[in-house]
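First comes the structure, then the notes that go with it.
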Amino acid sequence: MTAANPRILLVEDEELNRTLVKAVLSRAGIAAVREAEVLDASSIAAAREQLNTEDVDLVLLDMNLPDGNGLTLASELAAGTVATGRRRPTVVAVTASVLPQDRAAALQAGCDGFLDKPYAAADLVATVAEHLSHRP
25 MTAANPRILL VEDEELNRTL VKAVLSRAGI AAVREAEVLD ASSIAAAREQ
75 LNTEDVDLVL LDMNLPDGNG LTLASELAAG TVATGRRRPT VVAVTASVLP
125 QDRAAALQAG CDGFLDKPYA AADLVATVAE HLSHRP
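Each position in the sequence shown, counted from 1, maps to that position plus 24 in our numbering.
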């Protein structure tokens, strides 16, 4: 994506968590994070719809969603079956499942990063900034 402001898709089923993440990102001290457009989806199905119609730079992907495991969506993105015809976004797994095998499964499914829940606001901002810095 060549637009000036990056686009983030926040895939999270809890409305309060979506609101908090948006608030943290909008107040970030890093301009690229603060100025990012944050889209959201509360399920895998809703995320697929967004990804098939919107150009997104980064997906913050919760693992436990009402219609399945976020790794399913990560695998679909890695295989090119979602967001067909669009550049594959960077995917960061956001989960409370922090065992080494959980991290390995996320990376194997196609996630580019991992953010442990619960996380501090500074960790969220740093993770987003790091992954946005790699966008074209």
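Glycine residues also receive a C-beta, built at the ideal position from the N, C-alpha and C atoms. All of these numbers come straight from a predicted model, not from anything done at the bench.
* **Enclosing beta strand (DSSP E) for E249 [first to last residue]** => Residue numbering for the chain in the displayed model covers 25 to 160; residue 249 lies beyond these limits and cannot be assessed.
* To do: Please state if the CB of L97 and the CB of A129 are separated by a distance shorter than 7 Å.
  => no
* Below 7 Å CB to CB, which residues in the same chain sit around A153 once its five sequence neighbours on both sides are set aside? => I54, A56, V57
* Residues near R112 in its chain [Cβ-Cβ closer than 8 Å; skip 5 each side] -> Its chain contains L101, A102, G104 as the residues whose beta carbon lies nearer than 8 Å to that of R112, once the 5 sequence neighbours on both sides are disregarded; these appear in chain order.
* **Residue burial classification, L89 (beta-carbon count within 10 angstroms, cutoff 16)** => Buried, by the Cβ-count rule.
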